[in-house]
Amino acid sequence: MTSSDSIRMEKLCYSIGGRKILENFDFLLERGVNRTILGVSGAGKTTILKLLLGLLNPDSGSVFLGDLCITGLSESSFMQQRKRIAIVFQGGALFDSMTVGENVGYRLFEEGRLSQAEITQVVIEKLSFVGVEAALNLYPAELSGGMKKRVAIARALAADPDYIFFDEPTTGLDPIGVFNICNLMQRLQTEGKTTLMVTHDLATAFATSQRFTFLHKACMLFEGNEEEMRASSIPEVQEFLAPTDSSLFV
Amino acid sequence: MMNSAVIDKLLLLFFHELQNYFTLAGRTFARIFRRPFYYREFATQFDKLGFSSLFICILTGLFSGMVMALQSLIQLKPFAATSYVGGMVAVTMIKELGPVLAALMVAGRVGSAITAELGTMVVTEQVDAMRVEGTDIIKRLVVPRLKAMLLALPLLTIVTDMISIFGGYIMSAGYNVNPIMYISGLPQFMVFQDLVEGVVKPAVFGAIIAITACYVGLNTRGGAAGVGAAAKKAVVLSSVLILICDFFIAKVFVVFRG
């Protein structure tokens, strides 16, 4: 494993309006090791994904995509590295004004390397992979929540990335929708993609990841595999895994 | 009473916003002639922002021309100088009211629409998704809207001016002013520079509307309520900036006129 096969954060601090979201945070995502970041709402899970993608700038510390430190760089400077990463946003973040086909082929259209026919072929292939090829000419507003998530996965796959980030991929889905997303993630992993997911959904997390990071109050409280997590003596981790009456707000 | 720390903080915030605003404006103008040009997006925006504002500008022009003529006729009649009404309507509308009224109408209609659209894209993470897909969002989202406004607002203003002169003509005819006197009086108080002023102003106002709406839209925070607040802010801000800039542009033209 070389450093070019990983994405990492070193001593990263990030705050919003004086409130600390992350403090001296170290994180490593190695190629081939599927990871889930767990934590209560507002713990900073989504912020980590955005920092790793360079969508947010940290107050201090560094983010490395492979060997390249992207902190402080303009987006165009690390675009080539970022092409190795795709993200499935929580709500799908499909472009309202474009059809499903245009959404999935968006990056390919932007790059301009392929012909229209070649892009259409890739789009249909990716939509078939997620099982929504019939939605090719529909607009996002015409799709259900589960279909939007699957189209978002197809869009993420279009550029053939090495890493795929998932932001709460099962939130708001029925059990069949959750099962489908889990299944898709497992198929992606079989195809050699590395996934990084943030979620509250423990069942999905344990079904799709080997390593787990637990966030609490701007810090990483736990890092390890499922067994280690279940056996952890950290009270916050145990409370997250099995909430008790003491977890009630009232 | 505000203490100095609060004033310092507010000033800092103001200058920070000002710096970000001009940074966006600078980056946008720097990208106007850079590829890709997004012709389809430009055409869509020109249709959405320009063509669909035509009706509101026609109405504005018609009634402001009519009221301008009406007020002028009442003032000029005691002096038997009603033949000057065409010239008065033309010079006032082309130099001042046409550009300002058209810009204010478009700011209300289009500025809020741009902000709401971009604001919604921000809060639903579509803008982040575009950035991850490798898109320069200024080139993709701001430049086509700026180009559309730079072209559309001068054209809309010309239409507003023409319709307002027609409105003045209708009102004058109702007050028995000779139509030929009205038409021949149109260039009476104008020089060529006034026509230039009548086109430069809307171009500047178009840029103000587009940049302001995009800036506020791309900085939207806080869900649906945030989008509503941003749309209101964009309209108020661009309207005030239009009126302030109108004064300074007029001043510059007056200086050059000598």
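Residue numbers (the working numbering), protein chains in the order written: chain A, 1 to 250; chain B, 1001 to 1258.
Note that CB positions come from ideal geometry on N, CA and C, so glycine has one too.
Contacts that residue i makes with chain B (C-beta to C-beta distance below 8 Å)
{"i": "residue 91 (chain A)", "result": "1124, 1125"}
{"i": "residue 14 (chain A)", "result": "The contacting residues do not exist; residue 14 (chain A) stays about 16 Å from chain B at best."}
Residue span of the alpha helix (DSSP H) that contains residue i, given as start and end
{"i": "residue 1016 (chain B)", "result": "1004-1030"}
{"i": "residue 180 (chain A)", "result": "175-190"}
{"i": "residue 1157 (chain B)", "result": "1143-1174"}
{"i": "residue 51 (chain A)", "result": "45-52"}
{"i": "residue 1059 (chain B)", "result": "1054-1076"}
{"i": "residue 1180 (chain B)", "result": "1179-1184"}
{"i": "residue 132 (chain A)", "result": "No alpha helix (DSSP H) holds residue 132 (chain A); DSSP gives it neither H nor E."}
{"i": "residue 1045 (chain B)", "result": "1039-1045"}
{"i": "residue 1108 (chain B)", "result": "Careful: residue 1108 (chain B) lies outside any alpha helix (DSSP H) and carries neither H nor E."}
{"i": "residue 149 (chain A)", "result": "145-158"}
{"i": "residue 103 (chain A)", "result": "100-104"}
{"i": "residue 80 (chain A)", "result": "79-82"}
{"i": "residue 1085 (chain B)", "result": "1085-1092"}
{"i": "residue 1036 (chain B)", "result": "It is not in any alpha helix (DSSP H) - residue 1036 (chain B) carries neither H nor E in the DSSP assignment."}
{"i": "residue 1130 (chain B)", "result": "1126-1132"}
{"i": "residue 238 (chain A)", "result": "235-241"}
Strand pairing of residue i, partner residues [DSSP]
{"i": "residue 222 (chain A)", "result": "A:214"}
{"i": "residue 167 (chain A)", "result": "A:198"}
{"i": "residue 62 (chain A)", "result": "A:10"}
{"i": "residue 1222 (chain B)", "result": "Beta-bridge pairing links residue 1222 (chain B) to no other residue."}
{"i": "residue 115 (chain A)", "result": "None, per the DSSP bridge assignment."}
{"i": "residue 15 (chain A)", "result": "A:20"}
{"i": "residue 30 (chain A)", "result": "A:6"}
{"i": "residue 87 (chain A)", "result": "A:165"}
{"i": "residue 69 (chain A)", "result": "A:64"}
{"i": "residue 25 (chain A)", "result": "A:12"}
Rounded straight-line distance, which links the Cα of residue j to that of residue i
{"i": "residue 250 (chain A)", "j": "residue 96 (chain A)", "result": "Here residue 250 (chain A) scores only 48 on pLDDT, less than 50, and its place in the model should not be relied on; the value that follows carries that caveat. If you take the alpha carbons of residue 250 (chain A) and residue 96 (chain A), they lie about 41 Å apart."}
{"i": "residue 24 (chain A)", "j": "residue 223 (chain A)", "result": "15 Å"}
{"i": "residue 5 (chain A)", "j": "residue 1010 (chain B)", "result": "46 Å"}
{"i": "residue 1246 (chain B)", "j": "residue 1201 (chain B)", "result": "7 Å"}
{"i": "residue 155 (chain A)", "j": "residue 52 (chain A)", "result": "19 Å"}
{"i": "residue 1118 (chain B)", "j": "residue 1140 (chain B)", "result": "12 Å"}
{"i": "residue 49 (chain A)", "j": "residue 137 (chain A)", "result": "30 Å"}
{"i": "residue 177 (chain A)", "j": "residue 151 (chain A)", "result": "13 Å"}
{"i": "residue 168 (chain A)", "j": "residue 200 (chain A)", "result": "7 Å"}
{"i": "residue 1241 (chain B)", "j": "residue 1100 (chain B)", "result": "11 Å"}
{"i": "residue 1126 (chain B)", "j": "residue 94 (chain A)", "result": "6 Å"}
{"i": "residue 1 (chain A)", "j": "residue 44 (chain A)", "result": "Caution applies to residue 1 (chain A), whose pLDDT of 49 falls short of 50 and renders its modelled position unreliable; the model cannot decide the point."}
{"i": "residue 1198 (chain B)", "j": "residue 1097 (chain B)", "result": "9 Å"}
{"i": "residue 1166 (chain B)", "j": "residue 90 (chain A)", "result": "55 Å"}
{"i": "residue 1203 (chain B)", "j": "residue 1089 (chain B)", "result": "22 Å"}
{"i": "residue 221 (chain A)", "j": "residue 214 (chain A)", "result": "6 Å"}
{"i": "residue 1176 (chain B)", "j": "residue 1106 (chain B)", "result": "34 Å"}
{"i": "residue 208 (chain A)", "j": "residue 126 (chain A)", "result": "21 Å"}
{"i": "residue 140 (chain A)", "j": "residue 1069 (chain B)", "result": "51 Å"}
{"i": "residue 20 (chain A)", "j": "residue 232 (chain A)", "result": "26 Å"}
{"i": "residue 1257 (chain B)", "j": "residue 1093 (chain B)", "result": "19 Å"}
Listed by chain order, chain A residues near residue i by CB distance under 8 Å
{"i": "residue 1134 (chain B)", "result": "79, 82, 83, 107, 110, 111"}
Among the options, the one whose alpha carbon lies nearest that of residue i
{"i": "residue 1235 (chain B)", "options": "B:1205, B:1080, B:1150, B:1152", "result": "B:1205"}
{"i": "residue 1095 (chain B)", "options": "B:1237, B:1212, B:1187", "result": "B:1187"}
{"i": "residue 1121 (chain B)", "options": "B:1248, B:1216, B:1232, B:1022", "result": "B:1216"}
{"i": "residue 1252 (chain B)", "options": "B:1211, B:1159, B:1193", "result": "B:1193"}
{"i": "residue 1113 (chain B)", "options": "B:1090, B:1040, B:1168, B:1209", "result": "B:1209"}
{"i": "residue 172 (chain A)", "options": "A:145, A:191, A:165, A:190", "result": "A:145"}
{"i": "residue 1254 (chain B)", "options": "B:1224, B:1232, B:1191", "result": "B:1191"}
{"i": "residue 1182 (chain B)", "options": "B:1066, B:1053, B:1086, B:1020", "result": "B:1086"}
{"i": "residue 1111 (chain B)", "options": "B:1237, B:1169, B:1248, B:1244", "result": "B:1237"}
{"i": "residue 29 (chain A)", "options": "A:196, A:11, A:126", "result": "A:196"}
{"i": "residue 78 (chain A)", "options": "A:16, A:124, A:67", "result": "A:67"}
{"i": "residue 1062 (chain B)", "options": "B:1029, B:1232, B:1170", "result": "B:1170"}
{"i": "residue 1213 (chain B)", "options": "B:1229, B:1036, B:1133, B:1257", "result": "B:1229"}
{"i": "residue 1131 (chain B)", "options": "A:8, A:110, A:203, A:120", "result": "A:110"}
{"i": "residue 1142 (chain B)", "options": "B:1005, B:1036, B:1019, B:1007", "result": "B:1036"}
{"i": "residue 36 (chain A)", "options": "A:130, A:182, A:246, A:239", "result": "A:182"}
{"i": "residue 124 (chain A)", "options": "A:112, A:142, A:113, A:99", "result": "A:99"}
Neighbour list for residue i in chain A, Cβ cutoff strictly below 7 Å
{"i": "residue 1131 (chain B)", "result": "55, 75"}
Neighbour list for residue i in chain B, Cβ cutoff strictly below 7 Å
{"i": "residue 95 (chain A)", "result": "1126"}
{"i": "residue 87 (chain A)", "result": "1132"}
Delimiting residues of the beta strand (DSSP E) encompassing residue i
{"i": "residue 39 (chain A)", "result": "35-39"}
{"i": "residue 1114 (chain B)", "result": "Careful: residue 1114 (chain B) lies outside any beta strand (DSSP E), inside the alpha helix (DSSP H) at 1112-1123."}
Heavy atom of the ligand SAH within 7 Å of residue i beta-carbon
{"i": "residue 1101 (chain B)", "result": "What this structure holds is no ligand at all, so the ligand SAH is not there to describe."}
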